[in-house]
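Just add 14 to wherever you are in the sequence shown, counting from 1, and you've got the working numbering. In this text, a Cβ means the ideal position worked out from N, Cα and C, and glycines have one as well. All figures in this text were calculated on a predicted structure; none of them were measured in a lab. This report refers to the structure that appears directly beneath it.
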Amino acid sequence: MRLSDAKRRELCRGVRELLVRLGAAIGLAVGLLVALERPQPAASAACKQPAEQSIGACVNETVLATALAFVIAMGLGLVVGALVGLLIGQLLPGRERPGRRTQPAAGRAVPAAIPGGRWITARYAGVCHSCGAPIAVGDHVWHRPRRTSCAACG
Ligand SMILES: [Zn+2]
């Protein structure tokens with residue numbers, strides 16, 4: 015199966031979004047499980063007082079502490095899960111790399127516009143077309159099609 019570039023990017027983006035959501039959902043579930051497994055918060059000061067005076071406050075504090083523990087555990091799970099999903103998504107092949115797409119393959123010379131020539135680093139030894147001076151590999155030379163001049167003549 016051959017997909018166009020746009021379709022493939024779209025697919026990858028969809029898969030990455032799915033991974034983030036899946037990670038968030040799993041994180042949420044794990045957070046919930048952790049909160050459920052967690053021992054109940056220690057009885058607060060209100061709970062240690064004679065029941066008839068403090069039963070309301072004790073229940074309130076316990077419920078609040080439990081709810082808070084759930085919210086924290088689930089929130090953490092959500093964030094961590096989403097981040098893990100995001101990271102896994104980044105490892106997918108074919109991800110977009112900003113700035114890479116428009117650049118040519120490494121090691122391939124870019125044929126710049128050469129109406130009047132351009133400065134290049136000599137890749138072959140030779141002689142200057144104008145003055146006959148020797149050109150060594152690595153020299154800065156003025157290059158035109160079939161003519162190469164030394165830096166002095168360029
Ligand atoms: Zn020359």
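Burial state of residue 157 is buried, judged by a 10 Å Cβ sphere holding 16 or more other Cβ atoms. By the 16-neighbour rule on beta-carbons within 10 angstroms, residue 47 is exposed. By the criterion of at least three beta-carbon pairs nearer than 8 Å, the segment 75-82 is not in contact with the segment 23-32. Of all residues, those with a beta-carbon under 6 Å from at least one heavy atom of ligand 1 are 142, 144, 145, 147, 163, 164, 166, 167, reported in chain order.
If you ignore the 5 residues before and after residue 100, its C-beta comes within less than 8 Å of the C-beta of 30, 33, 34, 37, all in its own chain and listed in chain order.
Look at residue 151 here: in three-state DSSP terms it is coil, with no helix or strand label. Secondary structure at residue 140: strand, using DSSP grouped into helix, strand and coil.
At least 9 Å separates the beta-carbon of residue 94 from that of residue 131.
Sixteen is the threshold: since fewer than 16 other Cβ atoms of the shown chains lie within 10 Å of the Cβ of residue 146, the residue is exposed. Under DSSP, residue 132 shares a beta bridge with 157.
The C-alpha of residue 49 lies about 8 Å from the C-alpha of residue 88.
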